[in-house]
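Single-structure report; data block below.
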Amino acid sequence: MMQCNTKPAALAAGFVFIRHVSVLCYRPPFGKVEKHTSPTAEEKHMTGSDIAGLIAAGVFAVLVALLAVPIWKLGKVFDELRAAIREVSDGTTPLLTEVTTTVVTTNDQLRKVEGITNNVSDASANISALSSLMAATVGQPLIKIAAFSSGVRAALGTKPSGKGRRSR
44 MMQCNTKPAA LAAGFVFIRH VSVLCYRPPF GKVEKHTSPT AEEKHMTGSD IAGLIAAGVF
104 AVLVALLAVP IWKLGKVFDE LRAAIREVSD GTTPLLTEVT TTVVTTNDQL RKVEGITNNV
164 SDASANISAL SSLMAATVGQ PLIKIAAFSS GVRAALGTKP SGKGRRSR
């Protein structure tokens, strides 16, 4: 077996690790043993695409953070809306019961008023007929009595007392 300086995180999957006196070694399951070395100075530098990827990841993280706040607030708005709808619903049910009771009571009162209105209509028709009857039965004789008394006064030559018409 060969000894090496490779860290366990850098090893590929499938290798069997054997630990000997603080030296970490690996042995592939089949085949030849390969020695891994540390990266060179050229491999340690980041390329332009690596930097662009980091910038894009940072922008994406900022975007997610900025969008999380409005989404959180929108969730609170929906919670308040749900509570308001529940409150309106809870308040509306008794109100509808009271309105139904009021409408039923009003309909009963309107039936009573309709009966009273019918009775008043009948009474006004009776009074109209009675006044026509009184005019026909009492009115004609009163007119005749008034005409007779006026004729008697004129014949006797007496003037009625008080202010009357002036004769010309």
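Once you know that position 132 of the sequence shown is 175 in the working numbering, the rest is easy, because the numbers rise by one and skip nothing. Using N, Cα and C, we set each Cβ at its ideal position, and we do this for glycine too.
Exposed or buried, residue i, counting other C-beta atoms within 10 Å across all chains shown (16 or more means buried)?
i, result
"L199", "exposed"
"K87", "exposed"
*Just list the alpha helix (DSSP H) runs in the stretch 160-201, keeping only unbroken ones of 4 residues or longer that don't cross its boundaries, in chain order.*
If we require 4 residues or more, the alpha helix (DSSP H) runs fully inside the stretch 160-201 come out as 183-199.
*Let me know the alpha helix (DSSP H) ranges lying completely inside the stretch 120-157, each 4 residues or longer, listed in chain order.*
You should have found no qualifying run.
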